[in-house]
Structures are given as C-alpha cells and as structure tokens.
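Written out below as structure tokens is the structure these notes cover.
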Amino acid sequence: APPPRPAPSGEALRLAGLRRDFGGFQALKGLDLEIRPGEFVALLGPSGCGKTTALNCIAGLQPLSAGTISLGDRRIDELPPERRGFGMVFQSYALFPHMNARRNVGFGLAMQRVPRREAEKRIDEALALVRLSAQADKLPGQMSGGQQQRVAIARAIVIRPPVVLMDEPLSNLDAKLRLEMRAEIRRIHEAIGSTTIYVTHDQDEALSMADRIVVMRDGLIRQTGTPEELYERPAHADVAEFMGYRSKLAGRVVSASNGRASVEACGARLEVSVRAPVSPGDPVTLMVRPEDLVAGTSGVVATVRISEYRGRAFFGAAQAIDGTELFFRSDRPVSTGERVTLGARPDQILVFAGSGA
Ligand code: ATP
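In UniProt numbering, the protein residues as written are 7 to 363.
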C-alpha cells in the first residue's frame, strides 16, 4: 500500500446555526458544531432526526434556510458541491454500472481535469488503499456488496477531499461484512487524514468507529461526546435509551445523602448513585441496561415474559407489578411466567429528574 499522505486540509469545519426548512417543517432547527481537522465524527440518531439532511447541507446538495458553514476561516455555504470538493459515500453505492472499478474511481478526477498520468497514479493509490488493486477491471455487477462499497470509498477519497461524508455506508451489507468494514473505514480514515462525518442510526457503529458522537433528535443536537462519555454518562433519558439503557422506571426519592439516594420504584426500594442533588419526594426516572439488571435476591419483583439463552447468560423481558417493562439478565435459567427479583448496583442506575424524563 502507498505511504499515508498528510492531512489534506488541516482545517476545522464549523457549523453555526444550521437550519433547514421544508415548507413549514423544520428538519434542522439550528445545529452548532465544530469538527477538528482529521476528526471522525458520527451523527447518530433515530430515523427522521435530520442526519441525512445535515450531511446533504454540508455537502452542498441542499441549501440552508439559515446558518453558516466554514472550513478554516472561509465560508463555504454559498459554494456549489463541486467547489467544496468533499468526498461522499452513500448507502446505495451509486456506481456507474457500465464502468469498471478503475473508471468509477477515476470519474471525479476526469471531471476535475487532473492530468492523465497524475490521475492514473492517484487511482492506483486509492484502489490499493481500499485493497482492491486486483479487482480494478471488474464491473460493479461482478463484485460483492462489500467490494462495491470499497470502490465507492476509493472514488470519494481519490479527489483528496478535506472532508469525507458518509451516509449509512454499511446498511446494505450483511452483519459479518459490516463488522469488517467498520475497521476498514476506520483504517482508511486514519491513512488519508481527512475529516470524516459518518451518519448512522446504529449505536454500535458510532461507538466503535467515532472519535466523537453527536446524538441528534428532532432536528437538534442532544449531546456530543466521546463514545465513552455517551455510553457512561448520557445527559438525557432519550440519549440513554439510544445507548442501550432499555429499562425505564418511574420513581420517587425516599432519602438522599452523600451522592447516594434511596428511590421507591415499581414497588421496591432501590439504592442509586446521584450526580445532581435530589431531595426526598422528588420524582425521578431510573434507567438501567439489560446486562446490569440482574435476577437475584433483592430489587424489583417482576414476572418473566420472555427469556432467551445467549451463550453466557439468559436475557429477557419481565413485567413489574405496576406494568413497567424491564429488560434483565439472569445467570441461571428462567422461564416465562416465573417470578424474578431484579436489581442493579447503585452506580449502574442512571437517575434523571422528573417522572416523565
Ligand atoms: P433516516 O435515518 O430515516 O434517513 P434522517 O435522520 O436521516 O433519517 P432526514 O432524512 O434528514 O432524517 O429527514 C429529517 C426530516 O426531514 C424527516 O422528518 C423527513 O421526513 C423530512 N424531510 C427530509 N427531506 C424532505 C423533503 N425533501 N421534503 C420534506 N420533508 C423532508
């Protein structure tokens, strides 16, 4: 493989007050985000939250309704897509079916009138980087989905873009290939040094690939942070839900002292760690991950609805007396209809103010 090139731009990408309206509907309600040169940022959020719209606005494929985009100290939001020169990779590979891999990769260079010898050299580099040198003469129809997506990535990076934009690039691949391609994309990102913005609704992808995750919802940024920060300290209940805290219990504080509180929820007393102060009587929402809510001897009594064996343990869903749905782990076999007592360590329970968090 060719030696990695230095960062193509070394300039920060800044979004300020980004808004995008469709008629009366606000798909983006004002995004502010600064992305460091060479950073890998994942835009994560449920369907319809505005991820694709944000990416398209950054690419210049859609106009802004308000706000600015700058690269370094230059405004770029007035520039057409080709003058921004960003690389794009889509879910549908969008390759030309009648061109072989080589010509697909070279297409953008031809458009930019890069001299032929230089173009050939860059195409070779890009194909080598995505490990497709041996497939250069194949048509898209003669390649696997994973190989086609590599061609699309090579095509995006061959123009040496300062920023690469990827919109759910792995969605059309099977689970095994998806896993391999995560590492591949991360490797390519590091080799070329471009800034990467990666849209996904899959938290595992975001957690495993990104330097920083931006969680969106309803056209707004809910939280940004490193994978670890979002996983360990989600700031809102909806972010927590997205990060896998599946059980949500409405509760009321009974007593509180020294970073600990005792909370009554689903007919039980649970000890929790608290970061923000709470007082007796406060309504709170507790959230726990399935792997941390364990069938044992103390906690919430619930009736098992579903239980399945997953290698090391059983995972299941159970219903508490008040109807709350709880997702738990059990290290011994449990079956439908059985009563279990579900508890978690105080530091494994997230506490949000308000009962409707
Ligand atoms: P998905 O993961 O499903 O692609 P997303 O987070 O990428 O979702 P967007 O495609 O950005 O979401 O859409 C955001 C919102 O804007 C949605 O409610 C969508 O219906 C709306 N929207 C997108 N494009 C248009 C359009 N051309 N006209 C009207 N509304 C649109």
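Note that CB positions come from ideal geometry on N, CA and C, so glycine has one too.
Bear in mind that the values here come from a model prediction, so they are computed numbers and not experimental data.
Asked	Found
Does Thr-303 come out as helix, strand or coil in the three-state DSSP assignment?	strand
Say the cut is 7 Å; is the CB of Phe-31 nearer than that to a heavy atom of the ligand ATP?	yes
If you run the structure through DSSP and keep just helix, strand and coil, what is Ala-13?	Confidence at Ala-13 is low in this model, with a pLDDT of 49, below 50, so the placement of that residue is unreliable and no value is reported for it.
Should Asp-353 be labelled buried (16 or more other beta-carbon atoms within 10 Å of its own) or exposed?	exposed
If Val-95 sits next to Met-172, beta carbons under 8 Å apart, how far is it from one beta carbon to the other, in whole angstroms?	4 Å
Let's test the definition: count the other Cβ atoms within 10 Å of the Cβ of Phe-102 and tell me whether it reaches 16, buried, or not, exposed.	exposed
Whole angstroms is fine: what's the gap from Glu-88's alpha carbon to Met-105's?	21 Å
Quick check on Ile-129: does DSSP put it in helix, strand or coil?	helix
Work out the CA separation of Gln-68 and Ala-243 for me, nearest whole Å.	32 Å
CB Leu-348 to CB Val-284, shorter than 8 Å?	no
What are the start and end residues of each continuous alpha helix (DSSP H) run of 4 or more residues lying completely inside the segment 36-82, in chain order?	57-65
CB of Gly-54 to nearest heavy atom of the ligand ATP: below 7 Å?	yes
Once you ignore the five residues that flank Leu-19 on each side, which residues in its own chain have a CB closer than 7 Å to its CB?	Ile-41, Leu-77, Val-169, Thr-201
For a test of your reading of the model: does the CB of Lys-57 fall under 7 Å from any non-hydrogen atom of the ligand ATP? Yes or no.	yes
Of the choices Glu-297, Gln-141, Arg-26, Arg-184, whose alpha-carbon is the least far from that of residue 1?	Given a span of 7 to 363 for the chain in the structure shown, any question on residue 1 remains unanswerable.
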